[in-house]
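Written below as structure tokens is the structure these notes are about.
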Ligand code: PLP
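In this note's numbering, the protein residues as written are 1143 to 1592.
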């Protein structure tokens, strides 16, 4: 290993990193990313990488969009900060709320702003509780999520997240949050079970849990249309219909966590459109500003909005909100970002390039290490297995994912290893030649590690 640079050493000394093994970090040191352009980022040694994950599933318009820089600078010059508490507002937050509601074609009624997806999901939990208190249903408070679902890291949102590393060492999950199975047919399907039968079984499992807990205690079901951090899990086509039917039967609210799938990732403006989800609440973040600034939104359908609005009148206020809720610079950047997505047809591009990505990855199906290729639109994963026929995973689990993640850097590619699945989620601006280049760099990496 070459000697660490001063910036790497200072990072090790002073910076505790999220989602990082601090002991290993002190040994290997960080990779210092200095600048970005289009789908590429560059480190301080001048090395170029295709950002195959759009950073954290989030930089839709690429890494150097001057219009977003200008939008931020203009708003900074005009009104760098103002809040939205106690009957105050400002134009960018109003315009963004209106735009988001319009994008849902009127399905949603209003927008509430937070800084992150975690805070947005935390807000959802509080809103769901507030809603049921307003209706006098004081026991209807449990929320059902899925194993491998990802909803954030605050105490409450991490309790919805169905991944062990988010619970281990933190005394989580909270008792009110329950989990059902991950709708991953390749891994969770029984021998001989069709995808359709699997989806039926998943919905039956949800119904059994609601009945065991008592329908008068279950408030909401939350899920990502396509799971991201859990390994890019695309559910069977009829899964969401069946799940929603169970929710409606027991008056359980449906929450679509679209933090990754919002703004075109699946080739539709929202993932809900693709799967026929009719959410009572929607959660948006990441691609809302292409992550140039932190921002998230909770969108409420009229059913929930009207009850919350009325109850805030009875209680004297809706006692929830963040200093930076609807921050003027973040909302101005979001508006410009959405304008770019619309003007450049990036949702349509995601649909077109998604087909190129999915078919070039599916061409790897015969590779001896490839167990499953999955995805839709511009999000995909390739699951590697020790034995293709029996689907036996590697021992230890994640060994191959970690090896590919590391080695890919040498081929100028940043991907994510999720156990032994390699995830792809490139910026929505990617073109055909770049998709082939990205997949080519991945194949070269695979040859190195096999
Ligand atoms: N929900 C989903 C689906 C996510 O993918 C994420 C982050 O990856 C979150 C919520 C949490 O968002 P944040 O990291 O902004 O708190």
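C-beta: ideal position from N, C-alpha, C; glycine also.
Proximity of residue i and residue j at Cβ, strictly below 7 Å
i	j	result
residue 1178	residue 1150	no
residue 1672	residue 1268	The requested residue 1672 does not occur in the structure, where the chain is confined to residues 1143 to 1592.
residue 1387	residue 1270	no
residue 1426	residue 1404	yes
residue 1546	residue 1512	no
residue 1307	residue 1470	no
residue 1440	residue 1266	yes
residue 1472	residue 1364	no
residue 1413	residue 1367	yes
residue 1238	residue 1411	no
residue 1371	residue 1430	no
residue 1442	residue 1519	no
residue 1341	residue 1381	yes
residue 1564	residue 1524	yes
residue 1495	residue 1572	yes
residue 1514	residue 1328	yes
residue 1311	residue 1290	no
residue 1201	residue 1502	no
residue 1154	residue 1272	no
residue 1323	residue 1295	no
Residues sharing a beta bridge with residue i, DSSP
i	result
residue 1363	1286, 1396
residue 1563	1525, 1560
residue 1230	Paired residue(s): none; residue 1230 is not in a bridge.
residue 1426	1439
residue 1431	In the DSSP output, where bridge partners are listed per residue, residue 1431 has none listed.
residue 1190	1184
residue 1253	1441
residue 1514	1525
residue 1534	1529
residue 1369	1375
residue 1178	1183
residue 1319	1285
Cβ-heavy atom distance, residue i to the ligand PLP, below 6 Å
i	result
residue 1228	no
residue 1521	no
residue 1182	no
residue 1371	yes
residue 1430	no
residue 1402	yes
residue 1311	no
residue 1399	yes
residue 1456	no
residue 1294	yes
residue 1155	no
residue 1563	no
residue 1301	no
residue 1193	no
residue 1197	no
residue 1334	no
residue 1517	no
residue 1406	no
residue 1414	no
residue 1260	yes
residue 1427	yes
residue 1366	yes
Presumed contact (8 Å Cβ cut-off) between residue i and residue j, rounded CB distance
i	j	result
residue 1580	residue 1569	So it is not a contact: roughly 11 Å between Cβ atoms.
residue 1376	residue 1516	5 Å
residue 1551	residue 1191	7 Å
residue 1257	residue 1464	6 Å
residue 1522	residue 1460	Wrong, their Cβ atoms sit about 40 Å apart, outside the cutoff.
residue 1203	residue 1193	Not quite, the Cβ-Cβ distance comes to about 12 Å (not below 8 Å), so this is no contact.
residue 1488	residue 1406	6 Å
residue 1318	residue 1285	7 Å
residue 1384	residue 1345	4 Å
residue 1394	residue 1423	Not quite, the Cβ-Cβ distance comes to about 12 Å (not below 8 Å), so this is no contact.
residue 1213	residue 1474	5 Å
residue 1359	residue 1283	7 Å
residue 1539	residue 1561	5 Å
residue 1468	residue 1226	4 Å
residue 1210	residue 1434	5 Å
Residue-chain proximity (residue i, chain C), Cβ-Cβ < 7 Å
i	result
residue 1444	No chain C appears in this structure, which consists of one protein chain only.
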